[in-house]
Amino acid sequence: MAVDTSGAYLQVDNLVKYFGDDKAVDGISFGIPKGAFLTLLGPSGCGKTTTLMSIAGLHTIDGGRIRVGETIFTSPKEGLFLPPEKRDIGMVFQSYAIWPHMTVAQNVAYPLEIRNWDQSDIDDRVAEVLELVGLTDWADSLATNLSGGQQQRASLARAIVSKPSLLLFDEPLSNLDLKLREQMRVELKRIQNEVGITSIYVTHDQSEALVMSDEIIVMSKGKIEQRGGPVEIYSKPVNEYVSNFIGIANLMKGKVVEVSEPGIGKFEVTQDGQTVQLPCRLTAGIAAGEDAVLSVRPENVHAVPEGGGGVLTGECIHAIFLGSYVDCRVKWGDFEWKVISHPRNHPRTGEKVHLRFDAEHTLAVQP
Amino acid sequence: MTTETLSPTRERSRTSNRLRAMMTQENLITFVVAIIVAGAVIVPLAVLFVSSFKVLDPLGWDTAWGFGNYVEMFTDRIIPKAFINTLIISSGSTVLATFLGVSLAWINARTNCPGRDYLEPYNLIPFFLSPFVGAIAWHNLGEPQTGLLNNLARDVLGIEGAIMNIDNIWGVIWVTGIFFAPLVYLFVVGSLRRMDPSLEDSARTTGAGLVRTTMTVTLPLVMPGILSGAIIVFVTSAGEFGVPFKLSAPYGWETLTTQIFSKAVGDDANHYLGAAMSMALGIITVFLIWVQQRYIAPRSFTTVTGKGFRPNVLDLGPWKWVAFGYNLTFIAVAVVLPIVCLIIVSLHPVWTGKIVWADLTTINYVKTLFWWRPEAISAATNGIGNSLILAFGGASIAMVMALVISYMIHRTKGFGVRMLDFLSVVPIGFPGIVLAMGVLVTYIQTPIYATLWILMLAYITRFFPYGQRNISSIMLAISEELDQSSRMAGASWFTTLWRITIPLLKPGLFAGWILLFIIFLRELSISIILFTTGTETLSVGVYYLTNFENEPLTAALSMAQTVLLLIAIYAFRRFAGREALTA
Chain P
1 MAVDTSGAYL QVDNLVKYFG DDKAVDGISF GIPKGAFLTL LGPSGCGKTT
51 TLMSIAGLHT IDGGRIRVGE TIFTSPKEGL FLPPEKRDIG MVFQSYAIWP
101 HMTVAQNVAY PLEIRNWDQS DIDDRVAEVL ELVGLTDWAD SLATNLSGGQ
151 QQRASLARAI VSKPSLLLFD EPLSNLDLKL REQMRVELKR IQNEVGITSI
201 YVTHDQSEAL VMSDEIIVMS KGKIEQRGGP VEIYSKPVNE YVSNFIGIAN
251 LMKGKVVEVS EPGIGKFEVT QDGQTVQLPC RLTAGIAAGE DAVLSVRPEN
301 VHAVPEGGGG VLTGECIHAI FLGSYVDCRV KWGDFEWKVI SHPRNHPRTG
351 EKVHLRFDAE HTLAVQP
Chain F
368 MTTETLSPTR ERSRTSNRLR AMMTQENLIT FVVAIIVAGA VIVPLAVLFV
418 SSFKVLDPLG WDTAWGFGNY VEMFTDRIIP KAFINTLIIS SGSTVLATFL
468 GVSLAWINAR TNCPGRDYLE PYNLIPFFLS PFVGAIAWHN LGEPQTGLLN
518 NLARDVLGIE GAIMNIDNIW GVIWVTGIFF APLVYLFVVG SLRRMDPSLE
568 DSARTTGAGL VRTTMTVTLP LVMPGILSGA IIVFVTSAGE FGVPFKLSAP
618 YGWETLTTQI FSKAVGDDAN HYLGAAMSMA LGIITVFLIW VQQRYIAPRS
668 FTTVTGKGFR PNVLDLGPWK WVAFGYNLTF IAVAVVLPIV CLIIVSLHPV
718 WTGKIVWADL TTINYVKTLF WWRPEAISAA TNGIGNSLIL AFGGASIAMV
768 MALVISYMIH RTKGFGVRML DFLSVVPIGF PGIVLAMGVL VTYIQTPIYA
818 TLWILMLAYI TRFFPYGQRN ISSIMLAISE ELDQSSRMAG ASWFTTLWRI
868 TIPLLKPGLF AGWILLFIIF LRELSISIIL FTTGTETLSV GVYYLTNFEN
918 EPLTAALSMA QTVLLLIAIY AFRRFAGREA LTA
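So the protein sequences, as listed, match chains P and F. Each residue of the first sequence is one higher than the last, beginning at 1 in this note's numbering. Each residue of the second sequence is one higher than the last, beginning at 368 in this note's numbering.
Laid out in structure tokens, this is it:
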């Protein structure tokens, strides 16, 4: 069994969960410090929600161990399973799960009633939390009379009212419309900052993850692909999967031909008889002579005039004006480069285009 | 050394930790309920199956194993005829009920028939009343000598002889067909109402007339519902005891149920032969229910588009008054006529087929209801008290069970859930009289035999699935996250059930409770097998009076039962939606 040596506040070790014969979560481990905001990001079926449910105790797990603070939540090997109600967790559900037979205030007061607070303390605390989420005027309305965004706020209020040791979010914004979703991201982050509760946030929406998180774990098929801060995940994806899932990237198979110093080398790609060697950064663990994948964000590919340092030449097959930028496709052999250009100076459809790359932002990643 | 001495204790503490982790409130309660349900459903059916292979020797002293009972079913003088009569009755009442049910549902859901919003509750009333009482009422209406309608025809219209004779196999079909028409109605009316009207409109635009559109578009679209309803009617008619017992058995048309009854309690009692006949009846009904559940019910939603709430109905023109008259006639024949007849008969000291205004008396109600009076007939007066105890207690226990079972099926993923799902369909496949035979042979030598408990056990076992379906339909509609969020808020499983799940399920719980209350209040075919002196129910009281006393006394107790049922129906309409019925 993996030994829990970290000083992390929440520690997940070797978590395994089966659904029938399917391994939904395949031995993942991570720890987070107190007060942090961690996002589990991935497509549906990647195991992120299963991981969250395991931490919540709404699933039993088949292997591994989950600890928060000094308390072991679950560890099948030791025969330990703390029921969900004993874990002191606040949770915001995808459907909000606001009880329709109670008012907003009754919903929010519920966790405190369960904890046998005095009625006057409950009233004070509920008022305080409703103020924090901006629902003071709605305290006595039935939950069913609220809009989606308001139900979400009520759900958040109920999750934080008892000052739990951990806050879990299961795709809380996915049922809201786009505009409200963008507004609620900021709001959620503000409230989490204010209450300072360690939080785990599950989403399939990469921009949500980038905006809100201190740290992101990208998951796929029950495993962790990469962990890092939003900037790191975006600018230094370690493999093809992460490059592709976060943002947009030009991805092309090729070979590392040279390693000049640790982490820096040259990458060779061949298309339609043309072979080009591009200076690039190497993801840890890739050696010279190995197959790898080239990953370049469209904003890091530059269309330049003849003699402007371009290393390959293609043909612009379309250029779409999108206000603040122009989205171009440059055909090079069978490959189409996605290129973002400035509206004042961009290639036209049918033109010959020369492409320049920055070594700093050209990555060779694991396939 | 230290590790060696320590390791066994650690092992033990791990095992006990694991045990303690499994001993949650949730697992404990669900496990106990699973055992109870399995015991209640499986044991009597298994004992019934085994008993059917015990052959009683001619003197009734000893038994031997063998297929003798099954052979006797074919060689007996009466049983093969009873078998055929059952098939004729079931087929006939299925045809009649399906015709009535579909036509009434179509009139109410798809046409501009006047007053259709007010007619529906009355169309459904026969569904809640006792078919046995219906048979008694029709006997008093249509018996050749003493039937009220025959006498009216002679006196008023001057017709010689009788205009009808209800006391035969056709009378059984008539009464069961009318009483089970609402079953078909309920299966069909929902999908007719939700059907996208543009499906009919587009048929009309191609030039098809009203009749053609209805026959080629509307009815085929709701065919799964019609078939489901027809199968349920066939199965229910095959298991119906009261109607053939009253109308056909005394006149030479025995059925399987009346034969099972006579093998259970009659002079020629032979429980093992009764068990074999029950098996035969049970196999037929289980097979049909299986077909319905497996192949027909799942298709019934495909006809519905989901939208189409456009209140667009067919304009029947002047024919709408014909439809209106047809519907009123159904209500008159199915509800009003029998009840009026029972009231008239119950007010006569003896019934000769004619109303004698000078003789009107309430003595029959005194004898059958006022248990403190010396002239009271105890077999009748016991009924109301016993039936109310069984209905209140049985409905309450059954709904608690139904709640836990639905919770397990829809909210836990653990072991035993599939078995529970299966167990809560099985009782629907067995007619009450078959299950009662199983309960009889299982418990006859135990202390609960000859108590109300055996009746309650059989009632609950047979009918809890109805309550369970009421709850399940609501449970499927409410998100599991509502429960989960309560657990996350720190509430235990039981607190969550009490404060969140049950309040949300309240409409379903209440509808299911009243439905079971009504079913238990009129129950006959289980009670008739399992009652003894002192544990008579309302329907058993009616059976006793019609068998050993006279028609006016029978009519009085029948009216008392009918009034109780009408009150319960009113409560049901008041507090539960129409949806609750379609379970």
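Virtual Cβ for every residue (Gly too), placed ideally from N, Cα, C. All figures in this text were calculated on a predicted structure; none of them were measured in a lab.
Counting along the chain, where does the alpha helix (DSSP H) carrying residue i start and finish?
{"i": "Ser-840 (chain F)", "result": "819–844"}
{"i": "Ala-345 (chain P)", "result": "In the sequence as presented, Ala is not what sits at residue 345 (chain P); that position holds Asn. Neither: Asn-345 (chain P) is in no alpha helix (DSSP H) and is coded neither H nor E."}
{"i": "Thr-960 (chain F)", "result": "An answer regarding residue 960 (chain F) cannot be provided, because it is not within the stretch 368 to 950 covered by chain F."}
{"i": "Thr-748 (chain F)", "result": "745–778"}
{"i": "Asp-850 (chain F)", "result": "848–855"}
{"i": "Met-184 (chain P)", "result": "178–195"}
{"i": "Tyr-911 (chain F)", "result": "905–915"}
{"i": "Trp-657 (chain F)", "result": "638–658"}
{"i": "Ala-364 (chain P)", "result": "First-last for Ala-364 (chain P): 363–365, but that is the beta strand (DSSP E), not the alpha helix (DSSP H)."}
{"i": "Phe-789 (chain F)", "result": "784–790"}
Within a Cβ cutoff of 6 Å, which residues of the same chain sit near residue i, ignoring the five residues on either side of it in sequence?
{"i": "Asp-291 (chain P)", "result": "Lys-255"}
{"i": "Phe-612 (chain F)", "result": "Thr-625"}
{"i": "Phe-898 (chain F)", "result": "Val-907"}
{"i": "Glu-268 (chain P)", "result": "Gly-254, Lys-255, Val-257, Gln-277"}
{"i": "Trp-138 (chain P)", "result": "Val-104"}
Can you list the residues of chain F that residue i reaches, using a CB-CB cut of under 8 Å?
{"i": "Arg-115 (chain P)", "result": "Gly-857"}
{"i": "Ala-97 (chain P)", "result": "Ser-846, Glu-848, Leu-849, Gln-851, Ser-852"}
Taking all protein chains shown into account, do 16 or more other C-beta atoms lie within 10 angstroms of the C-beta of residue i, making it buried, or fewer, making it exposed?
{"i": "Thr-349 (chain P)", "result": "exposed"}
{"i": "Thr-376 (chain F)", "result": "Model confidence at Thr-376 (chain F) stands at a pLDDT of 45, short of 50, so the residue's coordinates are unreliable and nothing is read from them."}
{"i": "Lys-48 (chain P)", "result": "buried"}
{"i": "Ser-892 (chain F)", "result": "buried"}
{"i": "Lys-17 (chain P)", "result": "buried"}
{"i": "Met-582 (chain F)", "result": "exposed"}
{"i": "Glu-848 (chain F)", "result": "buried"}
{"i": "Val-771 (chain F)", "result": "buried"}
{"i": "Glu-306 (chain P)", "result": "exposed"}
{"i": "Ile-526 (chain F)", "result": "exposed"}
{"i": "Trp-865 (chain F)", "result": "exposed"}
{"i": "Gly-684 (chain F)", "result": "exposed"}
{"i": "Ile-650 (chain F)", "result": "exposed"}
{"i": "Lys-734 (chain F)", "result": "buried"}
Any heavy atom of the ligand FAD closer than 7 Å to the CB of residue i?
{"i": "Val-717 (chain F)", "result": "The ligand FAD is not among the ligands present in this structure, which contains no ligands whatsoever."}
Short of 7 Å in beta carbon distance, which residues of its chain neighbour residue i, apart from the five on each side in sequence? Order them along the chain.
{"i": "Ala-758 (chain F)", "result": "Phe-884, Phe-887, Leu-888"}
{"i": "Thr-652 (chain F)", "result": "Val-602, Ala-605, Gly-606, Gly-796, Phe-797, Pro-798"}
{"i": "Gly-69 (chain P)", "result": "Tyr-9, Ser-165"}
{"i": "Val-365 (chain P)", "result": "Pro-237, Val-238, Asn-239, Glu-240, Ser-243, Thr-283, Ala-292, Val-293, Ser-295"}
{"i": "Phe-676 (chain F)", "result": "Any answer about Phe-676 (chain F) is weak, because its pLDDT of 47 lies below 50 and its placement is not dependable; what the coordinates show is given next. Nothing listed; no residue qualifies."}
{"i": "Ile-821 (chain F)", "result": "Val-806, Tyr-810, Ile-815, Leu-897"}
{"i": "Arg-560 (chain F)", "result": "Ala-476"}
{"i": "Asp-358 (chain P)", "result": "Asn-300"}
{"i": "Thr-203 (chain P)", "result": "Thr-39, Leu-41, Glu-171, Ala-209"}
At a CB-CB cut-off below 9 Å, which residues of chain F make contact with residue i?
{"i": "Met-219 (chain P)", "result": "The contacting residues do not exist; Met-219 (chain P) stays about 21 Å from chain F at best."}
{"i": "His-101 (chain P)", "result": "Ile-867, Pro-870, Leu-871, Lys-873"}
Name, please, each residue of chain C whose Cβ falls closer than 8 Å to the Cβ of residue i.
{"i": "Pro-874 (chain F)", "result": "Within the model displayed, chain C is absent; protein chains P and F are what it includes."}
Just the chain F side, please: which residues come within less than 7 Å of residue i by C-beta, in chain order?
{"i": "Ala-56 (chain P)", "result": "Met-855"}
May I ask which residues mark the beginning and end of the beta strand (DSSP E) holding residue i?
{"i": "Tyr-110 (chain P)", "result": "Not the beta strand (DSSP E): Tyr-110 (chain P) falls in the alpha helix (DSSP H), residues 104–114."}
Residues of chain P with CB under 9 Å from residue i, in chain order?
{"i": "Leu-862 (chain F)", "result": "Note that residue 862 (chain F) is Thr in the sequence shown, not Leu. Near Thr-862 (chain F) (Cβ distances below 9 Å), the residues of chain P are Glu-85, Ile-114."}
{"i": "Val-660 (chain F)", "result": "Correcting the residue identity first, residue 660 (chain F) is Gln in this sequence and not Val. Those do not exist, as Gln-660 (chain F) stays about 25 Å from chain P at its closest Cβ, beyond 9 Å."}
Looking only at its own chain, which residues have a Cβ that is under 8 Å from the Cβ of residue i, when we skip the five neighbours before and after it?
{"i": "Leu-709 (chain F)", "result": "Val-500, Ile-503, Ala-504, Asn-507, Ala-922, Ser-925, Met-926, Thr-929"}
Segment contact, 8 Å Cβ cut-off, at least three pairs: the region 793–809 of chain F with the region 411–426 of chain F | A contact exists between the region 793–809 of chain F and the region 411–426 of chain F.
For the 8 Å Cβ check, are there 3 or more pairs between the region 231–243 of chain P and the region 263–276 of chain P?
-> No, because fewer than three Cβ pairs between the region 231–243 of chain P and the region 263–276 of chain P fall closer than 8 Å, the two stretches do not touch.
Would you call the region 421–430 of chain F and the region 822–833 of chain F touching, i.e. three or more CB-CB distances under 8 Å?
-> Touching, no.
Should the region 435–447 of chain F be regarded as contacting the region 546–557 of chain F, the criterion being three or more beta carbon pairs within less than 8 Å?
-> Segments in contact, no.
Is the region 868–881 of chain F in contact with the region 832–846 of chain F, if contact means three or more CB pairs nearer than 8 Å?
-> Touching, yes, given that three or more Cβ pairs across the two stretches are closer than 8 Å.
Is it true that the region 539–551 of chain F meets the region 491–509 of chain F, where meeting means three or more beta-carbon pairs spaced less than 8 Å apart?
-> Three or more Cβ pairs drawn from the region 539–551 of chain F and the region 491–509 of chain F lie within less than 8 Å of each other, which places the two stretches in contact.
Can we say the region 785–793 of chain F touches the region 847–862 of chain F, given the rule of at least three CB pairs closer than 8 Å?
-> Taking 8 Å as the limit for Cβ pairs, the verdict is that the region 847–862 of chain F does not touch the region 785–793 of chain F.
Just checking, does the region 319–336 of chain P make contact with the region 190–199 of chain P on the three C-beta pairs under 8 Å criterion?
-> These segments do not touch.
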